[in-house]
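Note that our numbering has the sequence shown beginning at 6, numbered continuously upward.
Using N, Cα and C, we set each Cβ at its ideal position, and we do this for glycine too.
Below is one structure, written out as structure tokens; comments come after it.
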Amino acid sequence: MLKHVKVNALKKHTASVIFLHGLGDSGHGWASVAEQLGPLLPHIRFIFPHAPEIPVTLNFGMAMPAWYDIFSLSDFEKQDEKGLFQSADKIFELVESEMNQGIPSDRIVIGGFSQGAAISYLAGLTCKHKLGGIAALSGYLPLHTKLLSMGDSVLSPNKHVRIFAAHGTADPVVRYELGELSVKELQRFGYSVQFCSYPGMEHSSSAQEIKDFSNYLSAVLPQI
Numbered sequence: 006m007l008k009h010v011k012v013n014a015l016k017k018h019t020a021s022v023i024f025l026h027g028l029g030d031s032g033h034g035w036a037s038v039a040e041q042l043g044p045l046l047p048h049i050r051f052i053f054p055h056a057p058e059i060p061v062t063l064n065f066g067m068a069m070p071a072w073y074d075i076f077s078l079s080d081f082e083k084q085d086e087k088g089l090f091q092s093a094d095k096i097f098e099l100v101e102s103e104m105n106q107g108i109p110s111d112r113i114v115i116g117g118f119s120q121g122a123a124i125s126y127l128a129g130l131t132c133k134h135k136l137g138g139i140a141a142l143s144g145y146l147p148l149h150t151k152l153l154s155m156g157d158s159v160l161s162p163n164k165h166v167r168i169f170a171a172h173g174t175a176d177p178v179v180r181y182e183l184g185e186l187s188v189k190e191l192q193r194f195g196y197s198v199q200f201c202s203y204p205g206m207e208h209s210s211s212a213q214e215i216k217d218f219s220n221y222l223s224a225v226l227p228q229i
């Protein structure tokens, strides 16, 4: 199972959020968000897995923490399908670990930032267990043509899951248009997506985005 940072619930643990960092980062990079949200969401345990170090084409083939290989920031047509699905499988292990500790799958949200958001889309939509939600910050839907054509036999458990997508309009890394197109594709296939835009925000986060994310988590993972 992936090594990870765990921020335990402040009160009785009744829900979990698995949140994936972006390219070159680690789980530590987002752990402070859990400490910020803890008092607002005291029933939620936050899990921040560390991506393995793999050779990344964009990084001249040198190894760095990554969920899958990236070939270009300007062309997302060529994608590391094998690496994407391998990382999704590792997230499924974390989901099942939480389930084995007594948390129902529909009380678990998979989320992420950038590369981590791409994996949260992929893992969330193809998970065999019904989830509480999927969150994608500054990300995009990978392998969208293949993924959305897989059919209900694969996608049905989470066809009605509530999705939170957020993106800065000035993002120079994962263009806003790509994030918006991903949302439109999901909506075209009948998914319920809450899309939040942040004028002028680049490839980062903001206080308003974290507030919106917190409100989303409160809605899909209420205290019980």
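Cβ separation of residue i and residue j, assumed to be a contact under 8 Å, to the nearest whole Å
i	j	result
A20	R112	4 Å
A56	P47	Not confirmed; about 28 Å, so no contact.
V179	S92	Actually they do not touch by this definition, with Cβ atoms about 17 Å apart.
Boundaries (first-last residue) of the beta strand (DSSP E) holding residue i
i	result
S202	197–203
F118	113–118
Proximity winner among the options, relative to residue i (alpha-carbon distances)
i	options	result
I124	H26, M6, K16	H26
V10	E40, S79, K151	E40
T131	A170, L89, N105	L89
I23	H165, Y126, M155	Y126
G116	F97, P177, G107	F97
K216	L63, R167, P44	P44
T174	S197, Y203, L136, G107	Y203
E86	A128, E58, L191, F218	A128
Under the three-state DSSP convention, the category residue i falls into
i	result
R167	strand
I139	strand
G144	coil
P162	helix
Boundaries of the alpha helix (DSSP H) in which residue i is found, first to last residue
i	result
F97	86–105
T150	149–153
R193	181–193
I75	Element bounds for I75: n/a, residue is neither H nor E.
I215	212–225
Completely contained beta strand (DSSP E) runs for the region 8–67, where each covers 3 or more residues: 9–12, 20–25, 49–54, 58–60
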